[in-house]
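Engineer:
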Amino acid sequence: MDRERVKGIIAVVLGAASFGILSTFVKKAYAQGFTLGEVTGIQALFGMLLLWIFIGMMFIANKGYFSKYSSASPKWHIIVSGLSTGAVSILYYKSVQLVPASLAIILLMQYIWIGQLIEFIFFKTKLTRRQTIGIAAILGSTVLATGLLEHDFKSVSIVGIGYGLLAATAYAIFIIVSGRVGNDHPPLQKSAYMIIGAFLLVFVVLQPFTLFTSSVFSSLWRYGLLLSVFGTVLPPLLFSYGIPKTGVSLGNILSYIELPVAVCMSYIVLKEEVSIWQFIGVAGILVVVILLNIRKR
């Protein structure tokens, strides 16, 4: 394996792992008494500022990076598509508030089959036999991964599960829209326009203006910096660098490292109970994802 491919693999794994640790930081912020609006709002605010600062620095250092793209499609299309990103943050972080972080990430990963279902319903993309079997296997592994067979179902927040599945639906929509909108813009610039849409949605829906008070901001800015760096800035940078070197198929497989990272962080840092059957369920989801993404020769 050549050196550039190895660098790409490392970049994609680090980008996915960055996503995986977000739920742990969110749980920590909630434990400090911060609200959903404050946590989501400061991530969107800091993420938008940091991305545009980075783009400005990159424009000064390397104008050629931007000149390679035509950037002909309307920017407002990208901003509107960013609403889906804001919806994911709102719904996912609400789920994290109501259910264990290890369960919230498993619910979010259901976007795998929800996205295929949306493609089938709205774009008439037929499911292959392989995909259908894969969806059934993911659902079976999810039952194990959530621990529903081992614990009393009544102890789990139904509302939290609902928010988690809605977050997965929003994430599936984000991926579908992202693949169709603004691809003639530089990936980093596209991410920066999308975060504007996310920022607007969060501030219109949740109105987290309390984070601008000195008492809240002085304590919350640390979490905002962590969440924005690991959730908004690093992943698009690392993915835009790594996926061209690994290829889309391998990049998709590597990106699912987010799931075991989130579950392990919940187990180690948050001391959440995660049984061996739940780990087996997580492993089952990963195996199915790998098999679905490996192309037949």
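One rule links them: number in the working numbering = place in the sequence shown (from 1) + 149.
No residue lacks a Cβ here, since even glycine has one placed at the ideal position from N, Cα and C.
Find the nearest neighbour of V423 within the set L349, Y405 and S251, judged by alpha-carbon distance.
Structural biologist: The count along the sequence shown starts at 1 and reaches residue 423 at position 274. Checking every option, the nearest Cα to that of V423 belongs to S251.
Engineer: Comparing C-alpha positions only, which one of V188, I204, I345 and A411 sits nearest to L240?
Structural biologist: The residue labelled residue 240 in the question sits at position 91 within the sequence shown. For L240, the nearest C-alpha among the options comes from V188.
Engineer: When you compare the CB positions of P336 and P385, do they come within less than 8 Å of one another, or not?
Structural biologist: In the sequence shown, the residue the question calls residue 336 occupies position 187. In the sequence shown, the residue the question calls residue 385 occupies position 236. Contact: yes.
Engineer: Kindly give me the distance between the Cβ atoms of A317 and I263, rounded to whole angstroms, as I take these residues to be in contact under 8 Å.
Structural biologist: Here the question's residue 317 lines up with position 168 in the sequence shown. Here the question's residue 263 lines up with position 114 in the sequence shown. Their Cβ separation, rounded to whole angstroms, is 5 Å, which keeps A317 and I263 in contact under 8 Å.
Engineer: On the three-pair Cβ rule with 8 Å, is the stretch 348–361 touching the stretch 181–199?
Structural biologist: In short, these stretches touch, since the Cβ pair count reaches three.
Engineer: Closer than 7 Å by C-beta to V237: which residues in its own chain qualify, once you throw out the five before and the five after it? Chain order, please.
Structural biologist: By 1-based counting over the sequence shown, the position of residue 237 is 88. Once the five neighbours on either side are set aside, the close Cβ partners of V237 are A316, A319, Y320 and F323.
Engineer: I'd like the list of long-range same chain contacts for F379, defined as Cβ closer than 8 Å, with 5 residues on each side in sequence excluded.
Structural biologist: In the sequence shown, residue 379 corresponds to position 230, counting from 1. If we look at F379 and ignore the five residues flanking it on each side, its Cβ neighbours are S167, F168, I170, L171 and F174.
Engineer: Can you look up K224 in the DSSP assignment and give me helix, strand or coil?
Structural biologist: In the sequence shown, residue 224 corresponds to position 75, counting from 1. Residue state, collapsed to three classes: helix.
Engineer: Around the C-beta of K445, are 16 or more other C-beta atoms found within 10 angstroms, so that it is buried, or is it exposed?
Structural biologist: In the sequence shown, counting from the first residue as 1, residue 445 sits at position 296. In this prediction, K445 has a pLDDT of 46, which is less than 50 and means its spatial position is unreliable; nothing more can be read from the coordinates.
Engineer: Quick check on E153: buried or exposed, where buried means 16 or more other Cβ atoms within 10 Å of its Cβ?
Structural biologist: Stepping through the sequence shown from its first residue, residue 153 is reached at position 4. By the neighbour-count rule (16 or more Cβ atoms within 10 Å), E153 is not buried but exposed.
Engineer: Quick one: grab the DSSP three-state call for F472.
Structural biologist: In this structure the chain extends from 150 to 446, so residue 472 is not present and cannot be described.
Engineer: Ignoring anything shorter than 4 residues or poking outside the stretch 305–385, list the alpha helix (DSSP H) runs there in chain order.
Structural biologist: The stretch 305–385 contains these whole alpha helix (DSSP H) runs: 307–327, 336–354 and 363–377.
Engineer: Relative to the C-alpha of E407, which residue among A432, T281, I310 and I228 is closest?
Structural biologist: The sequence position of residue 407 within the sequence shown is 258, counting from 1. That would be A432, whose Cα lies nearest to the Cα of E407.
Engineer: Please classify Y405: does DSSP put it in a helix, a strand, or coil?
Structural biologist: Locating residue 405 in the sequence shown gives position 256, where the first residue counts as 1. The answer is coil: DSSP assigns Y405 none of H, G, I, E or B.
Engineer: Return helix, strand or coil for V438, following the three-state DSSP convention.
Structural biologist: Against the sequence shown, residue 438 aligns to sequence position 289. In the structure shown, V438 sits in a helix (DSSP, three-state: H, G or I).
Engineer: Going by CA-CA distance only, name the one from I325, Q259, Q356 and Q246 that's closest to F271.
Structural biologist: Locating residue 271 in the sequence shown gives position 122, where the first residue counts as 1. Nearest C-alpha to F271: I325.
Engineer: From P249 to S415, what does the alpha carbon distance come to, in whole angstroms?
Structural biologist: Indexing the sequence shown from 1 puts residue 249 at position 100. Indexing the sequence shown from 1 puts residue 415 at position 266. Between P249 and S415, the C-alpha separation is close to 8 Å.
Engineer: Would you mind working out which of I158, A193 and A180 sits nearest V382, comparing C-alpha positions?
Structural biologist: Start at 1 with the first residue of the sequence shown, and residue 382 comes out as number 233. Here the closest residue by C-alpha is A193.
Engineer: Are at least three pairs of beta-carbons, each pair with one atom in the stretch 279–286 and one in the stretch 204–211, less than 8 Å apart?
Structural biologist: The stretch 279–286 is not in contact with the stretch 204–211.
Engineer: Buried or exposed: P223, going by 16 or more other Cβ atoms within 10 Å of its Cβ?
Structural biologist: As a first step, residue 223 must be located in the sequence shown, where it is residue number 74. Classification for P223: exposed.
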